[in-house]
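First up is the structure itself, then whatever we jot down about it.
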Amino acid sequence: MNTKEQLQQVFAKAFEIPAETITDQLEYQGIAEWDSMSHLVLVEEIETAYKVSIEMEDVLEMGSVIKVRDMLKKYGIEII
Amino acid sequence: MRLYDLIQQNKKLKFVDPDSGKTANVAEFHESIAIDDFHGLSLIYSNNKIESIEVFLNFLHSQFTISLLSVQLNLQFKENLEEIYEPYYIYDPSRKEIDGYEMDSVSETIGLFRKKAKPVYTIHKDVKLLLSTSGTTGTPKFVKLSDENLVKNAMSIMEFMPIKNDDVVPLNVPIIFVYGLSIFTTNCIKGGTIICTDKDILQKAFWEDFKTYKFSTINGVPYVYEMLHRIGFFRKTYESLRYITQGGGGLSRALIDAIVEYSEKQEIPFYAQYGQTEAAGRMAYLHPDDLSEKAPCIGKPIKGGEFEIDKKTRELIYYGENVFGGYARELEDLKVYDRTNKLYTGDIARKDENGYYYIIGRMKRFMKLFGTRINLDEIELILKNNLGGETFICVGIEDKYLSIMHLDERFTDNDIKKVLRHKLNIHASAVKIRYIENVPLTPNGKINYREIKELAKLSEMKV
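Take a look at the structure:
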């Protein structure tokens, strides 16, 4: 089972910030830690954690925590 | 002719804010902001949007010397700079108030901070623009450039860059970097439409704007090309795209291969350029036709420029009218502009039998990380100052990552990474940290960076 908390951990690892600061509303470029460099780190972390390979269109879709969850749904990964 | 006049001559030039759809012809920005009539210093914290561009153009026209910096610069750094340089005007869209300054609302969207007490200092007439070499580290060290430097550089670039008067060019390399600035100046003089954007290529909005406004070109540092490669850009076709350019360091072999393939298949020429802030932009470029055979190679000097390789040190020396007039570390330094045409690039180079130049190393302790120049000595000092005066040794490994060694077991990697993140905006994924018991020294007692580099590479291989 894939939980929100797990996804939070993936984000936290990619951005090197505490998991509790990863809120649903968090957006790309919304905080200093989520910049273009860490975005690619995030893509890699997600690919490793969920064993998926993310396409270009989807990398660009990952504009917020909510959008990342929606994106993962397309890859058959339901976050609950 | 001044840079500003050359820009104003391009009557059809327009600026677009893709977020609001607002469009302004270059004439609309002519004296659109009232600026006091004397030669003082202005600090522009640019966010790369249309307002920053309007402010920049107005100051370019004025007598003022301009310092272009990023709006994202850490507040402490900003305050430090303002204390050292006492700017009369500050443009900073991220701040509501600044101590000692009054806010003039010069237009509906632009507020300009003006110093309450008019500062007394003199600035050399030729010092027009101050650029930081790193952009984000906040050292008060600037490169002093004259209007002539900028014009000469723009003219040389326009000789080879296929800029057309109906081109649509996004400012996706921020103008605070000399490479971004040279894209801005050349396209302002010769291009058609400038898309003033703070979006980067990882944002969907950038690609929506690409389609809406039909971008003619994309520009980027190596790391942008790595991202383009990663997101599959080279597999796609964009009807409006005519050419692409790159600056800010060398590309990896794998990336060159991917670009060569893309460039040939889609008939999109790729312009790799070699430059430095100290040269007001560019010094050399590799002709697109030579890419597959010659890369990684910096090509040949731009028009009006010449190279020489020092016989003893093999350092690359550049000659041209775009060479800067010295550094500024404090206000006092703005009094002088050392006119010269000679620049020691700090790079070690070789030349092949056909006159092409290749960079094979660096003289000084610099590295490029994500396209930004990083001074390794400065990083050591910042770590020392922020972590109890302990010793840190930094080496750059192939412009890929920063290897840091320390002598105090009590430090966690996180302590160090935090400082790098907050003070220098360096991401932890580009940092490797090791604890060592003692520092390898050279026979004359200096830190043996060569040995340390070997050690760092070696420990990397084991992992």
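Protein chains in written order, with the working numbering: chain A, 1 to 80; chain B, 1001 to 1463.
Glycine residues also receive a C-beta, built at the ideal position from the N, C-alpha and C atoms.
These figures come from a predicted structure and were not determined experimentally.
Looking only at its own chain, which residues have a Cβ that is under 6 Å from the Cβ of residue i, when we skip the five neighbours before and after it?
{"i": "M1158(B)", "result": "T1186, K1190"}
{"i": "F11(A)", "result": "I22"}
{"i": "K1152(B)", "result": "E1321, N1322"}
{"i": "G1248(B)", "result": "Y1179, V1221, G1371"}
{"i": "Y1319(B)", "result": "E1306, N1341, K1342"}
{"i": "S1382(B)", "result": "Per the sequence presented here, residue 1382(B) reads as Ile, with Ser not at that position. Cβ neighbours of I1382(B) beyond the five flanking positions: K1423."}
Might you give, ordered along the chain, the residues of its own chain that have their beta carbon closer than 8 Å to the beta carbon of residue i, omitting 5 neighbours on each side?
{"i": "K1384(B)", "result": "E1390, T1391, F1392"}
{"i": "D70(A)", "result": "E61"}
{"i": "V43(A)", "result": "I54, V59, M62"}
{"i": "E1326(B)", "result": "Per the sequence shown, residue 1326(B) should be read as Gly rather than Glu. The residues are K1144, D1333, V1336, Y1337, D1338."}
{"i": "L1251(B)", "result": "P1222, Y1225, I1259, A1272, A1295, P1296"}
{"i": "Y1358(B)", "result": "P1296, C1297, I1298, A1349, R1350, K1351, D1352"}
Taking buried to mean at least 16 other C-beta atoms within 10 Å of its own C-beta, is residue i buried or exposed?
{"i": "A1548(B)", "result": "Any question about residue 1548(B) goes unanswered here, given that chain B covers just 1001 to 1463."}
{"i": "V1221(B)", "result": "buried"}
{"i": "L1458(B)", "result": "exposed"}
{"i": "V1168(B)", "result": "buried"}
{"i": "P1443(B)", "result": "exposed"}
{"i": "Y1285(B)", "result": "buried"}
{"i": "P1119(B)", "result": "exposed"}
{"i": "T1193(B)", "result": "buried"}
{"i": "N1414(B)", "result": "exposed"}
{"i": "S38(A)", "result": "buried"}
{"i": "K1236(B)", "result": "exposed"}
{"i": "I1226(B)", "result": "According to the sequence provided, residue 1226(B) is Glu. The question's Ile does not apply to it. E1226(B) should be labelled buried."}
{"i": "Y1435(B)", "result": "exposed"}
{"i": "Q6(A)", "result": "exposed"}
{"i": "V1463(B)", "result": "Note on V1463(B): pLDDT 41, under 50, position unreliable in the model; the coordinate value appears next. Flag for V1463(B) reads exposed."}
{"i": "P1018(B)", "result": "buried"}
{"i": "D1200(B)", "result": "buried"}
{"i": "K1022(B)", "result": "exposed"}
{"i": "R1450(B)", "result": "exposed"}
{"i": "K51(A)", "result": "exposed"}
{"i": "L1075(B)", "result": "exposed"}
{"i": "E1051(B)", "result": "buried"}
{"i": "N1047(B)", "result": "buried"}
{"i": "G1388(B)", "result": "exposed"}
{"i": "M1283(B)", "result": "buried"}
{"i": "Q1009(B)", "result": "exposed"}
{"i": "G1299(B)", "result": "buried"}
{"i": "M1001(B)", "result": "exposed"}
{"i": "S1216(B)", "result": "buried"}
{"i": "N1219(B)", "result": "buried"}
{"i": "R1373(B)", "result": "buried"}
{"i": "S1020(B)", "result": "exposed"}
{"i": "N1438(B)", "result": "exposed"}
{"i": "G1065(B)", "result": "It should be noted that the sequence gives Thr, not Gly, for residue 1065(B). Counting Cβ neighbours within 10 Å, T1065(B) comes out buried, since at least 16 surround it."}
{"i": "F15(A)", "result": "buried"}
{"i": "R1350(B)", "result": "exposed"}
{"i": "L1441(B)", "result": "exposed"}
Could you please give me the residues that DSSP links to residue i through a beta bridge?
{"i": "Q1091(B)", "result": "In the sequence on display, residue 1091(B) carries Tyr and not Gln. Looking at the DSSP assignment, Y1091(B) forms a beta bridge with I1044(B)."}
{"i": "E1306(B)", "result": "Y1319(B)"}
{"i": "T3(A)", "result": "DSSP lists no partner for T3(A)."}
{"i": "K1300(B)", "result": "Y1285(B)"}
{"i": "K1368(B)", "result": "R1373(B)"}
{"i": "V1168(B)", "result": "T1193(B)"}
{"i": "F1029(B)", "result": "Paired residue(s): none; F1029(B) is not in a bridge."}
{"i": "I1157(B)", "result": "According to DSSP, I1157(B) bridges with nothing at all."}
{"i": "I1433(B)", "result": "I1404(B)"}
{"i": "I1348(B)", "result": "E1315(B), G1361(B)"}
{"i": "L1455(B)", "result": "BP columns for L1455(B) are empty, so no partner."}
{"i": "F1038(B)", "result": "According to DSSP, F1038(B) bridges with nothing at all."}
{"i": "K1014(B)", "result": "N1025(B), T1193(B)"}
{"i": "K1144(B)", "result": "L1130(B)"}
Given 7 Å as the limit, tell me if residue i has its C-beta closer than that to any heavy atom belonging to the ligand ATP.
{"i": "A1272(B)", "result": "Because no ligand of any kind appears in the structure shown, any question about the ligand ATP cannot be addressed here."}
Excluding five sequence neighbours on each side, which residues of the same chain lie with their C-beta closer than 7 Å to the C-beta of residue i?
{"i": "S1062(B)", "result": "I1035"}
{"i": "L1331(B)", "result": "I1084, Y1085, E1086, Y1121"}
What does residue i touch in chain D if you count any residue whose Cβ is under 7 Å from its own?
{"i": "S64(A)", "result": "Although the question refers to chain D, the structure presented lacks it and instead comprises the protein chains A and B."}
Select from the region 1182-1206 of chain B all residues with a C-beta closer than 7 Å to any C-beta belonging to chain A, and list them in chain order. Listed by position along the chain: D1200, L1202, Q1203, K1204.
Please give the ranges of any alpha helix (DSSP H) in the region 1054-1123 of chain B, keeping only runs that are unbroken, at least 4 residues long and fully inside the region. For the region 1054-1123 of chain B, whole alpha helix (DSSP H) runs of length 4 or above, ordered along the chain, are 1075-1085.
Taking the runs of the alpha helix (DSSP H) that are 4 residues or longer, which of them lie wholly in the region 1387-1429 of chain B? The region 1387-1429 of chain B contains these whole alpha helix (DSSP H) runs: 1413-1424.
Which residue spans inside the region 1178-1243 of chain B form an unbroken alpha helix (DSSP H) run of at least 4? Under the rule that a run must span 4 or more residues, the alpha helix (DSSP H) segments found entirely inside the region 1178-1243 of chain B read 1178-1190, 1204-1213, 1222-1230.
Go through the region 34-70 of chain A residue by residue and report every complete run of the alpha helix (DSSP H) that reaches 4 residues or more, in order. DSSP runs (the alpha helix (DSSP H)) wholly in the region 34-70 of chain A: 36-50, 56-61.
Using a Cβ-Cβ cut-off of less than 9 Å, list which residues of the region 1402-1423 of chain B approach chain A; keep chain order. So the close ones are N1414, K1417, K1418, R1421, H1422.
If the cut-off is 9 Å on Cβ atoms, which residues from the region 1210-1229 of chain B count as contacting chain A, listed in chain order? Within the region 1210-1229 of chain B, contact with chain A at the beta-carbon level (separation under 9 Å) is assigned to Y1223, V1224, E1226, M1227.
Quick one, which residues of the region 1357-1382 of chain B are near chain A if we go by CB-CB under 7 Å, in chain order? Residues F1370.
Residues in the region 3-18 of chain A having any Cβ partner in chain B nearer than 8 Å: So the close ones are E16.
Relative to chain A, which residues along the region 1227-1248 of chain B have a C-beta separation below 9 Å, given in chain order? Here the close residues are M1227, R1230, I1231, G1232, F1233, R1235, K1236.
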